[in-house]
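Contents: one structure, followed by commentary.
Number of protein chains: 2
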Amino acid sequence: MRRMTARPANAHQARLLKLLRDGGPRSRAQLGDRVDLSRSKLAVEVDRLLETGLVVADGLAASRGGRRSHNVRLAPGLRFLGVDIGATSVDVAVTNAELEVLGHLNQPMDVREGPVAVFEQVLAMAAKLRASGLAEGYDGAGIGVPGPVRFPEGVPVAPPIMPGWDGFPVREALSQELGCPVMVDNDVNLMAMGEQHAGVARSVGDFLCIKIGTGIGCGIVVGGEVHRGTTGSAGDIGHIQAVPDGRPCACGNRGCLEAHFSGAALARDALEAAQQGLSPELATRLEANGRLTAVDVAAAAAAGDPTSLGLIRQGGTRTGQVIAGLVSFFNPGLVVIGGGVTGLGHTLLAAIRTQVYRQSLPLATGNLPIVLGELGPKAGVIGAARLISDHLFSPA
Amino acid sequence: MRRMTARPANAHQARLLKLLRDGGPRSRAQLGDRVDLSRSKLAVEVDRLLETGLVVADGLAASRGGRRSHNVRLAPGLRFLGVDIGATSVDVAVTNAELEVLGHLNQPMDVREGPVAVFEQVLAMAAKLRASGLAEGYDGAGIGVPGPVRFPEGVPVAPPIMPGWDGFPVREALSQELGCPVMVDNDVNLMAMGEQHAGVARSVGDFLCIKIGTGIGCGIVVGGEVHRGTTGSAGDIGHIQAVPDGRPCACGNRGCLEAHFSGAALARDALEAAQQGLSPELATRLEANGRLTAVDVAAAAAAGDPTSLGLIRQGGTRTGQVIAGLVSFFNPGLVVIGGGVTGLGHTLLAAIRTQVYRQSLPLATGNLPIVLGELGPKAGVIGAARLISDHLFSPA
DNA sequence: CCCACTTTGTCCTCTCCCTGGAAAAAGTGG
DNA sequence: CCACTTTTTCCAGGGAGAGGACAAAGTGGG
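Here the protein sequences line up with chains L and E, keeping their order.
To convert a position in the first sequence, counted from 1, into the numbering used here, add 4.
To convert a position in the second sequence, counted from 1, into the numbering used here, add 4.
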């Protein structure tokens, strides 16, 4: 099947495509309610989109009291690939043009194996999704990587946890392999875009999206747009000092947030507690699996283990301290917490909230919701699909 | 004299006005080089601006090898009023349409005396500038206040250091008194706009502007636009925790940056040092003036007083700690340090730089200049003029 | 001083886009 | 079956803008 080649010819068409993407199929009249164009102009632009094949007719709409109108929708065969490369696993999903996830695969994988090995895996997963009949091909792909990205070129720069990736032409290489346009971004930014598109952050202009996984990062959305910073490293909050003269961190400093709380730090603290006999619950789990992860701590906490609860609370407090500073600085309308450790759930959330509300000024926190992301592991892939669709649905 | 009533009718005219404001008088042809309009269209829009009186002819331009062209410039009679209300003093300046400062007054005044008293003073100063022949009237005024502002309405909200101002309709009231449009913003945001317009931050899209005066605040510029936050309190970094379990702060918490370093904190530390006999230099000054301020510390440090130097270095280190966190988070292209304590100069700057470069990741700091603002007390008033001119030079 | 060439400013036409009205098409409900 | 509503198409007219032609003004060399 020939894939999408057309792009909107002007801003009006781009606007219409995005309306159809975000609101689903609808009639010309309904589109007209939202775009401030004359009926004739609207009809012309819709006709042109129909000609390009990006948009197709979709039956009759419900009557609003008069003549029923003909619906239009985005081409049902359009497929976007969303790829979320984490430190320890890869998520790949197919979406339709409305960014609904049609199929989603997850595979454990160490990002340190390098771009070549990882992309082999990603391509295999993409092929598998295609083979299962969900897609005949891909019209575009969004890729998230766990480190800073020089956004315009789609190239990772100086990524601390993925050394082999520095300067690897991710966008170029994947575009070649997949035969479609590709955009690359930091995984946290994509999570933010995902929650903005389909999660808790709909209709919020300025918000922060904190992702706590193997490391800690923060997506920053200003006026509806992701802020990436001058060198693409904005949101890199894992190495903000949380504890003066605290634990040494891989980055060379001491007391970094990430050294005190993150998936990796939590696992290490749990191991220590188990070995010191502080927590029978964790000790049992260590014996059973031979190792401990954040998931074990979550389970132990759920079972009421006080040591695990304490670890989570302490981590939440430290994270909350840092977030409090960011809230004072940035004054967001919403803070979303997500990532691998959301399994820690409300214990973590409560600790973070307590600390933020205590430490930030009332004006900034007065009406500030701090909530868990609602998309879980889908946030990243939906954000990735959104990234590429934003690109393709913009005038060339 | 009748003041400016016209506003640009469309985005093209707005663009032209801003070019003339920022680049000074120039010919139609030179304007054409920068706006991507056909010559005929450009001529039409310039003619319309000439009709409104916002723009006037200004003689012949130098030849570029052919026919000499006629220059145009913004109306030479346009006057903006820039007002910068600080915690302990008020700056008022008149500018022309190009935002050049034609006259500038400064008056000590305690903002806690309340809006009525302060505005009486401001109006007197504005009248004095007018009386000295610098202006026949004002076409617009920008006002900066030392606290959060609900920007669209131009009303201070919950300002910690200026209790009487909460909810006072600053914009409304001053607009009435001055008989011209008024815009209100936080003083730090205006300082950032000033440095962006005429100072060190020209041509930088994302930067932070730290103002250290009686308190500490931070202007945030993202993509050339000031970020004000959801409730107008963005940049309120004075109450970020710098020292865990540190000094009690007026806000109710402990260890706030402002409690440890600011004009007020520095004066208090200096007093303590003088009384404990740690610094003969400061003790002498205390005896001479009956009190100590940041200026005394600066002078003592310049004279080599080790205690004063130590205070400045320690303050710089703490400020640097906080800035390091903000740099990791925001990844700016520039950090500007300004405000009353810039008199502390390079000792302070060196301490801040050391701390930021040590604590933030190389990718974010690699090419990050940290510099003193170059406009001093003029930054605020220029920023204020810029604020109102941006407003008036936009389509209504 | 004349001439070739460059730059600038003006004029004019042609095209395209869009608005807004009119009318036709398609439904709803009594 | 009829009055009314909503949607869609069609059409004429106005307006804005691009772009070319040409006039005006200036430079520099012969």
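Glycine included, C-beta positions come from ideal geometry on N, C-alpha and C.
Cutoff 8 Å: residue i Cβ touching any chain L Cβ
i	result
Q34 (chain E)	no
A368 (chain E)	yes
Q403 (chain E)	In the structure displayed, chain E extends from 5 to 400; residue 403 (chain E) sits before or after that span and is not available.
G319 (chain E)	no
S248 (chain E)	Contrary to the premise, residue 248 (chain E) reads as Pro rather than Ser in this sequence. For P248 (chain E), the answer is yes, since a Cβ of chain L falls inside 8 Å of its Cβ.
V149 (chain E)	no
L41 (chain E)	no
Q325 (chain E)	yes
Beta-carbon proximity of residue i to residue j, cut-off 8 Å
i	j	result
F334 (chain E)	G236 (chain E)	no
T311 (chain L)	S266 (chain L)	no
A47 (chain E)	R32 (chain E)	yes
L290 (chain E)	A304 (chain E)	no
C260 (chain E)	G242 (chain E)	yes
V96 (chain L)	L78 (chain L)	no
P399 (chain E)	R19 (chain E)	no
H395 (chain L)	M187 (chain L)	yes
T351 (chain E)	V360 (chain E)	no
D240 (chain E)	V225 (chain E)	no
A263 (chain L)	A269 (chain L)	yes
A388 (chain E)	G203 (chain E)	no
V326 (chain L)	A246 (chain L)	yes
P150 (chain E)	V126 (chain E)	no
G337 (chain L)	V208 (chain L)	yes
L353 (chain L)	E199 (chain L)	no
I374 (chain E)	R362 (chain E)	no
A274 (chain E)	R317 (chain E)	no
L106 (chain E)	V94 (chain E)	no
E104 (chain E)	R25 (chain E)	no
A328 (chain L)	G219 (chain L)	no
Y142 (chain L)	R206 (chain L)	no
C-beta neighbour in chain E for residue i, strict 8 Å
i	result
P152 (chain L)	yes
D210 (chain L)	yes
N257 (chain L)	yes
C222 (chain L)	yes
V50 (chain L)	no
Within chain L, partners of residue i - CB distance below 7 Å
i	result
N335 (chain E)	G233, T234, T235, S237 and A238
Q363 (chain E)	Q245 and N257
Per-residue contacts from residue i into chain L (C-beta, under 8 Å)
i	result
I244 (chain E)	A328, G329, S332 and F333
A302 (chain E)	Result: empty, since nearest Cβ-Cβ is about 27 Å, beyond 8 Å.
Proximal chain E residues relative to residue i, where beta-carbon distance stays under 9 Å
i	result
A139 (chain L)	In chain order: nothing, as chain E lies at least about 35 Å away.
I241 (chain L)	G329, S332 and F333
A269 (chain L)	By Cβ distance, chain E contributes nothing, its closest Cβ being about 18 Å from A269 (chain L), past 9 Å.
A162 (chain L)	L365, P366, L367 and G370
Distance cut-off 7 Å: residue i Cβ against heavy atoms of the ligand HEM
i	result
G90 (chain L)	Because no ligand of any kind appears in the structure shown, any question about the ligand HEM cannot be addressed here.
8 Å contact criterion, which residue i and residue j should meet: CB distance rounded
i	j	result
N190 (chain E)	V153 (chain E)	5 Å
P185 (chain E)	G144 (chain E)	5 Å
D88 (chain E)	V339 (chain E)	Not confirmed; about 21 Å, so no contact.
A162 (chain L)	L367 (chain E)	5 Å
L376 (chain E)	G320 (chain E)	Not quite, the Cβ-Cβ distance comes to about 12 Å (not below 8 Å), so this is no contact.
N75 (chain E)	L64 (chain E)	7 Å
G344 (chain L)	A298 (chain L)	6 Å
E140 (chain E)	G183 (chain E)	Between G183 (chain E) and E140 (chain E) the Cβ distance is about 12 Å, and since that is not below 8 Å, they are no contact.
Chain-ordered neighbours of residue i on chain E, where CB pairs are closer than 7 Å
i	result
V226 (chain L)	V226 and H231
Taking the runs of the alpha helix (DSSP H) that are 4 residues or longer, which of them lie wholly in the segment 241-322 of chain L?
-> 261-264, 267-279, 284-293 and 298-306
Unbroken beta strand (DSSP E) runs of length 3 or more, entirely within the segment 363-396 of chain L: which are they?
-> 374-376
Ignoring anything shorter than 3 residues or poking outside the segment 143-173 of chain E, list the beta strand (DSSP E) runs there in chain order.
-> 144-149
Going along the chain, which unbroken runs of the beta strand (DSSP E) with 3 or more residues stay wholly within the segment 24-112 of chain L?
-> 59-64, 74-78, 84-89, 93-99 and 105-112
Going along the chain, which unbroken runs of the alpha helix (DSSP H) with 4 or more residues stay wholly within the segment 191-249 of chain E?
-> 191-202
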